[in-house]
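In our numbering, the protein residues as written are 80 to 278.
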């Protein structure tokens, strides 16, 4: 039989809500850290695809480079690997900013503040973080394709490829939705402050 919470208990203080907040907090950090480690490791794995690099669950060459027909070079000098790592840091910075905003939102939820200013700024931050991920994804595409094509040509010429795929469209839409939600929560915070002023 379904159990109902007493009317005096808000759903945001229920155990299920707290579990969901903790789950989102843990999942966002776990996904971000795993993605960051794998994206960095791909540059160490170039040239080792038949050896230890074969275990990687994603392509050694970024998908943006594969779409334009670029293949992993047989070897790569260390300083070029560090250039690749630096390119990975561009979208990673936007992703980590969004995760930090999610962290603040979840901690505020766990403290019982649903319409507080921290949550409002957090959702706006997530929105701007996703929009930054859209922009940095384009910068990353250009940088990766330019680097790998330039190395493949013997450092004589290269190409720059840009494309908007499902990932870019998804983060763009989600970013705009988060900004809109931030405005809605700001209005909720204002109404709550007015209601508290009359109590």
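All C-beta atoms, glycine included, are put in the ideal place defined by N, C-alpha and C.
Distance, residue j Cα to residue i Cα
| i | j | result |
| --- | --- | --- |
| residue 294 | residue 112 | What is shown of the chain runs 80 to 278, which leaves residue 294 out entirely. |
| residue 272 | residue 187 | 17 Å |
| residue 114 | residue 212 | 14 Å |
| residue 201 | residue 255 | 14 Å |
| residue 167 | residue 119 | 7 Å |
| residue 240 | residue 269 | 46 Å |
| residue 161 | residue 93 | 47 Å |
| residue 125 | residue 159 | 11 Å |
| residue 100 | residue 243 | 32 Å |
| residue 180 | residue 245 | 23 Å |
| residue 185 | residue 142 | 32 Å |
| residue 150 | residue 165 | 20 Å |
| residue 189 | residue 232 | 54 Å |
Cβ shell of residue i (< 7 Å), same chain only, five flanking positions each side left out
| i | result |
| --- | --- |
| residue 274 | none |
| residue 183 | 197, 201 |
| residue 265 | 199 |
Neighbourhood of residue i by C-beta distance below 6 Å, restricted to the same chain and skipping five residues each side
| i | result |
| --- | --- |
| residue 237 | 225, 228, 229 |
| residue 267 | 194 |
| residue 171 | 115 |
| residue 251 | 213 |
| residue 253 | 209 |
| residue 169 | 215, 218, 219 |
| residue 176 | 208 |
| residue 87 | At residue 87 the pLDDT is 49, less than 50, meaning the model places this residue with poor confidence; the figure from the coordinates comes in the next sentence. Nothing meets the Cβ criterion. |
N-terminal and C-terminal residue of the alpha helix (DSSP H) that residue i is part of
| i | result |
| --- | --- |
| residue 184 | 157-189 |
| residue 154 | Counting along the chain, residue 154 falls outside any alpha helix (DSSP H), and DSSP gives it neither H nor E. |
| residue 228 | 196-231 |
| residue 115 | 94-124 |
| residue 240 | Element bounds for residue 240: n/a, residue is neither H nor E. |
| residue 145 | 142-145 |
Cβ-based burial, residue i [other Cβ within 10 Å; buried from 16]
| i | result |
| --- | --- |
| residue 206 | buried |
| residue 122 | buried |
| residue 209 | buried |
| residue 191 | exposed |
| residue 216 | buried |
| residue 102 | exposed |
| residue 144 | buried |
| residue 163 | buried |
| residue 148 | exposed |
Same chain only: Cβ atoms within 8 Å of residue i, ignoring 5 sequence neighbours per side
| i | result |
| --- | --- |
| residue 108 | 178, 182 |
| residue 174 | 111, 114, 115, 208, 212 |
| residue 146 | 240, 242 |
> Does the count of Cβ pairs from the region 177-197 and the region 155-164 closer than 8 Å reach three?
Replying inline: Counting Cβ pairs under 8 Å, fewer than three are found: no touch.
> Is it a yes or a no for the region 257-265 touching the region 214-221, going by three-plus beta-carbon pairs under 8 Å?
Replying inline: Contact fails: fewer than three Cβ-Cβ distances are below 8 Å.
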